[in-house]
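J.:
There are 2 protein chains.
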Amino acid sequence: MPYKPTGFSSHDHDGCIAQGMQAAEAFCAAKGLQLTPVRRRTLEILLQAHEAMGAYDVLARLSQDGFGDKPPVAYRALAFLQDHGFVHRIERLNAFVACARPGADHDPAFMICRSCGKVAESELSGSGLTASARESGFVIEQTVIEAEGLCPGCQP
Amino acid sequence: MPYKPTGFSSHDHDGCIAQGMQAAEAFCAAKGLQLTPVRRRTLEILLQAHEAMGAYDVLARLSQDGFGDKPPVAYRALAFLQDHGFVHRIERLNAFVACARPGADHDPAFMICRSCGKVAESELSGSGLTASARESGFVIEQTVIEAEGLCPGCQP
DNA sequence: TCTTGTCTTGTTATGTTATAACGTTCATTC
DNA sequence: GAATGAACGTTATAACATAACAAGACAAGA
Numbered sequence: 000m001p002y003k004p005t006g007f008s009s010h011d012h013d014g015c016i017a018q019g020m021q022a023a024e025a026f027c028a029a030k031g032l033q034l035t036p037v038r039r040r041t042l043e044i045l046l047q048a049h050e051a052m053g054a055y056d057v058l059a060r061l062s063q064d065g066f067g068d069k070p071p072v073a074y075r076a077l078a079f080l081q082d083h084g085f086v087h088r089i090e091r092l093n094a095f096v097a098c099a100r101p102g103a104d105h106d107p108a109f110m111i112c113r114s115c116g117k118v119a120e121s122e123l124s125g126s127g128l129t130a131s132a133r134e135s136g137f138v139i140e141q142t143v144i145e146a147e148g149l150c151p152g153c154q155p
Numbered sequence: 000m001p002y003k004p005t006g007f008s009s010h011d012h013d014g015c016i017a018q019g020m021q022a023a024e025a026f027c028a029a030k031g032l033q034l035t036p037v038r039r040r041t042l043e044i045l046l047q048a049h050e051a052m053g054a055y056d057v058l059a060r061l062s063q064d065g066f067g068d069k070p071p072v073a074y075r076a077l078a079f080l081q082d083h084g085f086v087h088r089i090e091r092l093n094a095f096v097a098c099a100r101p102g103a104d105h106d107p108a109f110m111i112c113r114s115c116g117k118v119a120e121s122e123l124s125g126s127g128l129t130a131s132a133r134e135s136g137f138v139i140e141q142t143v144i145e146a147e148g149l150c151p152g153c154q155p
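In order, the protein sequence lines correspond to chains A and B. Here numbering that gives the first Met the number 0 is used: the first residue of the first sequence is 0, the next is one more, and so on. Here numbering that gives the first Met the number 0 is used: the first residue of the second sequence is 0, the next is one more, and so on.
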């Protein structure tokens, strides 16, 4: 089924936070992973923000909530969430976003509005890269697909 | 004509350096841009390296050659070269590579070997992103397409 | 010619992002 | 209850990047 990119359109935000948390809980329970308080809170922060946040911004929130206030605290929680697909890193922004499709094993692509900073997660459907890689014998393990431009609301 | 990705295969390296420099010279002459000594040398360094280099590595080389040794010296030269398409930035690596197709106005894609660090430039042929963007009303201005994996020489 | 403006380079200083390395705690296992 | 391993916190530092200012080169126009 076609996936409608979210991020630029309004939606049931409380619902999508709850959904994101539940997906993470279920996944961790199923796989025996520890969704500890820092990790849980980190994911909540990103889900609530519903936009890309730098690690230090996340860290500031965490420390407000009584967690440590040193960089590794945030980076480790983010790494855990990223490793298991609950959070994606946006290379272009050196920032992190909560995954819009938790649970699905996917290769995300992003659209980044250079005006308002919002980020929408989309679907990657085999780019020319795949063909190019095959041709040259390169084995792809991960891809970074990020488009920068103007979202519908920021166009003149 | 199909573009064969370079970077993982052997080739006439001296030739490609000369070709890269000539392309930049011609382009700058045509457009009235100043290919000053630092800028020229920066491009040479990247062409010779024939792989991604961090700004500080470039800077170290520049300062060996008698140019300034403060970060802005390198970042400015790199920005100029990037603006005019002689150099690309690899977001994933926070690094820069000389363009493999100088002169062509293109939207590059890269394959990055996580083992040897080599980077090959490839061609982007409309990813799923284009469709997704149109659907959501997003206007793409620039794209970052980077694949990480293993190059032919680094596979077991 | 002089002056004005633009472009380039260099500097100082600082800001931002990220990780290595070590100690402590706590739950689990033997 | 000792050993193990995972998570968290800390200190310290590394790596990447830019703002803001001064000085020189050079061309255009008064």
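Beta carbons: idealized from backbone N, C-alpha and C, even for Gly.
(1) Which residues bound the beta strand (DSSP E) around A:L149?
(2) Taking the straight line between their C-alpha atoms, what separation do you get for B:C150 and A:L128?
(3) Could you spell out where the beta strand (DSSP E) holding B:R60 opens and where it closes?
(4) So within the region 6-55 of chain B, which uninterrupted alpha helix (DSSP H) runs reach at least 4 residues, ignoring any that extend past its ends?
(5) Count the other CB atoms, across all protein chains shown, that sit within 10 Å of the CB of B:C115; report buried if there are 16 or more and exposed otherwise.
(6) Quick check on the burial criterion: 16 or more other C-beta atoms within 10 angstroms. Buried or exposed for B:V143?
(7) Any beta carbon of chain B sitting closer than 8 Å to that of A:Q154?
(8) According to DSSP, which residues form a beta bridge with A:R91?
(9) What did DSSP end up calling A:A97 once you bin it into helix, strand or coil?
(10) With three or more C-beta pairs closer than 8 Å as the rule, is the region 102-118 of chain B touching the region 65-83 of chain B?
(11) Quick check: what's the CA-CA separation for A:A73 versus B:G31?
(12) Alpha carbon to alpha carbon, what distance is there between A:A22 and B:G152?
(13) Expressed to the nearest angstrom, what Euclidean distance is found between the alpha-carbon atoms of A:L42 and A:A97?
(14) Thinking C-beta only, is A:V37 closer than 8 Å to A:F7?
(15) Any residues in the region 87-108 of chain B with a beta carbon nearer than 8 Å to a beta carbon of chain A? Which ones, in chain order?
(16) Spatial neighbours of A:L61 within its chain, please: C-beta separation below 8 Å, excluding the five flanking residues on both sides.
(17) Using C-beta distances below 8 Å, list every residue in its chain close to A:G148, excluding the 5 sequence neighbours before and after it, in chain order.
(18) Using a Cβ cut-off of 8 Å (strictly closer), state whether B:G183 contacts chain A.
(19) Would you say A:T142 lies against chain B (beta-carbon separation less than 8 Å)?
(20) Just mark A:G19 as buried or exposed, buried being the case when its beta carbon has 16 or more other beta carbons within 10 Å.
(21) Considering only the beta carbon of each residue, do A:S135 and B:E122 sit closer than 8 Å?
(22) What residues from chain A crowd round B:A119, counting only those whose CB sits closer than 8 Å?
(23) Look up A:A108 in the DSSP assignment and give the residues it is bridged to.
(24) B:F95 and B:A51 look like a contact to me (Cβ under 8 Å); what is the Cβ gap, rounded to whole Å?
(25) Distance check for A:R88 and A:V57, CA to CA, integer angstroms please.
(26) In angstroms, rounded to a whole number, what distance separates the CA positions of A:G102 and B:H10?
(27) Give me, in chain order, the residues of the same chain whose beta-carbon lies closer than 7 Å to that of B:H49; leave out the 5 immediate sequence neighbours on both sides.
T.: According to the structure shown:
(1) 138-149
(2) 14 Å
(3) Per DSSP, B:R60 belongs to no beta strand (DSSP E); it is in the alpha helix (DSSP H), 54-63.
(4) 12-30, 36-48
(5) exposed
(6) buried
(7) yes
(8) Bridge partners of A:R91: none, in fact.
(9) strand
(10) no
(11) 48 Å
(12) 40 Å
(13) 7 Å
(14) no
(15) E90, R91, A108
(16) V37, R40, T41, I44, G67, D68, V72, A73, A76
(17) M110, I111, C112, R113
(18) Examination of residue 183 of chain B is not possible in this model, given that chain B is present from 0 through 155 alone.
(19) yes
(20) buried
(21) no
(22) S135, F137
(23) A:S121
(24) 6 Å
(25) 13 Å
(26) 44 Å
(27) H12
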